[in-house]
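In our numbering, the protein residues as written are 5 to 405.
The C-beta atom is built at its ideal place from N, Cα and C for all residues, glycine as well.
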């Protein structure tokens, strides 16, 4: 169970009612939890009456095993704990998948329908929720895309199902901050996409001491995915990260910093190959608990990670909400260049790379003056990803601020 994160000092909820859809109960682990909590507490800090609603038929995964789970009682208990942790114990609703006349939480199913009618905006975080007829009474649907490219390409390819779905939204936001720019290869047709960034509540990530307990650069990742690749103008952009990690398998042999992957989905053979090349590996299931996940980041020296080809090759400008948490903990980040350096300072605290040589150089630069880069990382988090600023801009675009 999380500590009390709200501080008990929210302002009056005088700026309207906002509902956030997400995966907090369905995917109750690690970074997915923190992603939702940053939005909920961040919007509440701005003075909105924030509700979290899970109204999807998506698979529910067990909090302990991470496998699909037909008995959702432990997921609901997890949801209750997280909402209490951020000071919103009476502001959540969970509809079990496949059941349409019953829900759990602060209102019944009729109350949920009324909640939708009263809401000034419903934010579909990650595009987590499929739209149903029950959502027709929502006056302002907002699509918040954390994984850019597939929707834009589908629209450009004339996919009528995607176009019809997106037409139901009043506003579309994307973490692909460079989408629409001349140097971005992602097609933009029919819709306007508003750029946004992952918000973070920096104070949640402050470590107990200035120096981390561990001496490794780490990251948390899923290894292989067999879906979501896209093709645009005869060029295929892959979504699975293992293709990119393989390009840097030999990296530990050339750099002074130990590198660790908290990973799920890697085969035993490939894990052995990476260990033989100098990587430290551990199952990411060991850090699925949100508190453990946070301590893992706080105790890391920094983050070294790759980005999916789908973000890198077309220069989307995408940036990871996990990497933002490292920055907020004062942990420098060395990550794949996706075009984000057009919008974020780089060179101190945040260093982009495309090649192994650039990655080696970035890690050596940080090792040469770790304290300076740690301070710079925290400064970037505060100045570019602070939840108050990021969400204020988003809500201003929607017209609620």
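Taking the C-alpha atoms as reference points, what is the distance between residue 94 and residue 253? Here residue 94 refers to the residue found at position 90 of the chain shown. Here residue 253 refers to the residue found at position 249 of the chain shown. Rounded to whole angstroms, the gap between the alpha carbons of residue 94 and residue 253 is 48 angstroms.
Say whether the stretch 388-398 touches the stretch 42-59, bearing in mind that this needs 3 or more beta-carbon pairs closer than 8 angstroms, one atom from each stretch. The stretch 388-398 is in contact with the stretch 42-59.
Separation of residue 203 from residue 189, as counted between CA atoms: For the purposes of this step, residue 189 is taken as the residue at position 185 of the chain shown. For the purposes of this step, residue 203 is taken as the residue at position 199 of the chain shown. About 26 angstroms.
I'd like to check one pair, residue 21 with residue 59: are the Cβ atoms closer than 7 angstroms? Numbered from 1 along the chain shown, position 55 holds the residue referred to as residue 59. Numbered from 1 along the chain shown, position 17 holds the residue referred to as residue 21. No, the Cβ-Cβ distance between residue 59 and residue 21 is not below 7 angstroms.
Tell me whether residue 155 sits in a helix, a strand or coil according to DSSP, three-state version. Along the chain shown, read from residue 1 onward, the residue named residue 155 stands at position 151. Residue state, collapsed to three classes: helix.
May I ask which residues mark the beginning and end of the alpha helix (DSSP H) holding residue 316? One-based indexing of the chain shown puts residue 316 at position 312. Residue 316 -> alpha helix (DSSP H) spans 313-316.
Quick check on this structure: which residue in 168, 174, 315 has the alpha carbon closest to the alpha carbon of residue 241? Start at 1 with the first residue of the chain shown, and residue 241 comes out as number 237. Comparing Cα positions, the closest option is 315.
Could you tell me if residue 308 is buried or exposed, where buried requires 16 or more neighbouring beta carbons within 10 angstroms of its beta carbon? Here residue 308 refers to the residue found at position 304 of the chain shown. With 16 or more neighbouring CB atoms inside 10 Å of its own CB, residue 308 falls in the buried class.
Give the straight-line distance between the Cα atoms of residue 102 and residue 243, rounded to the nearest whole angstrom. Along the chain shown, one-based indexing puts residue 102 at 98. Along the chain shown, one-based indexing puts residue 243 at 239. Approximately 29 angstroms, taken between the alpha carbons.
Closest to residue 379 by C-alpha separation, out of 333, 361, 366, 401, would be which residue? Taking the first residue of the chain shown as 1, we reach residue 379 at position 375. Ranking the options by Cα distance to residue 379, first place goes to 333.
Proximity to residue 200 [Cα-Cα], best of 321, 403, 377, 382: As a working note, residue 200 is residue 196 in the chain shown. Minimum Cα distance to residue 200 is reached at 321.
Spatial distance of residue 275 from residue 284 (CA atoms): By 1-based counting over the chain shown, the position of residue 275 is 271. By 1-based counting over the chain shown, the position of residue 284 is 280. Residue 275 and residue 284 have their C-alpha atoms spaced approximately 9 angstroms apart.
With which residues is residue 80 paired in a DSSP beta bridge? For the purposes of this step, residue 80 is taken as the residue at position 76 of the chain shown. BP columns for residue 80 are empty, so no partner.
Enumerated in chain order, which unbroken segments of the beta strand (DSSP E) with a length of 3 residues or greater are wholly contained in the stretch 180-254? Entirely contained in the stretch 180-254, the beta strand (DSSP E) runs reaching 3 residues are, in chain order, 197-199, 221-226, 234-236, 239-241.
Which residues in the same chain as residue 7 place their Cβ atom closer than 6 angstroms to its Cβ, once the five residues preceding and following it in sequence are excluded? Against the chain shown, residue 7 aligns to sequence position 3. No answer about residue 7 holds up, because its pLDDT of 43 lies below 50 and its placement is not dependable.
Any idea which residues DSSP pairs residue 25 with across the strands? Within the chain shown, the letter at position 21 stands for residue 25. Per DSSP, 57, 128.
Please report the residue range of the alpha helix (DSSP H) in which residue 115 lies. As a position in the chain shown, residue 115 is number 111, starting the count at 1. Counting along the chain, the alpha helix (DSSP H) containing residue 115 begins and ends at 113-122.
Should residue 311 and residue 342 be called a contact, given that it needs their Cβ atoms to be closer than 7 angstroms? Here residue 311 is taken as the residue at index 307 of the chain shown, counted from 1. Here residue 342 is taken as the residue at index 338 of the chain shown, counted from 1. A Cβ-Cβ contact shorter than 7 angstroms links residue 311 with residue 342.
Got a sec, what are the start and stop residues for the alpha helix (DSSP H) residue 379 sits in? Mapped onto the chain shown, residue 379 falls at position 375. Residue 379: member of the alpha helix (DSSP H) spanning 374-388, first to last residue.
Quick check on residue 398: does DSSP put it in helix, strand or coil? Translated into the one-based positions of the chain shown, residue 398 becomes position 394. Here residue 398 sits in helix by DSSP.
If you measure from the beta carbon of residue 83 to each beta carbon in chain D, is any gap under 7 angstroms? Checking the listed chains, one finds no chain D in this structure; it contains a single protein chain.
Among the residues of its own chain, which have a CB less than 8 angstroms from the CB of residue 159, if the five just before and after it don't count? The sequence position of residue 159 within the chain shown is 155, counting from 1. Hits under 8 angstroms: 166, 167, 170, 191, 193, 194, 195.
Buried or exposed: where does residue 137 fall if 16 or more other Cβ atoms within 10 Å of its Cβ makes it buried? Taking the chain shown and counting its residues from 1, one reaches residue 137 at position 133. Exposed, since its Cβ has fewer than 16 Cβ neighbours within 10 Å.
Simplified DSSP assignment, three categories, for residue 162: Position 158 of the chain shown, counting from 1, holds the residue named residue 162. When DSSP states are grouped into helix, strand and coil, residue 162 belongs to the coil group.
For residue 283, list the residues DSSP reports as bridge partners. Along the chain shown, one-based indexing puts residue 283 at 279. BP columns for residue 283 are empty, so no partner.
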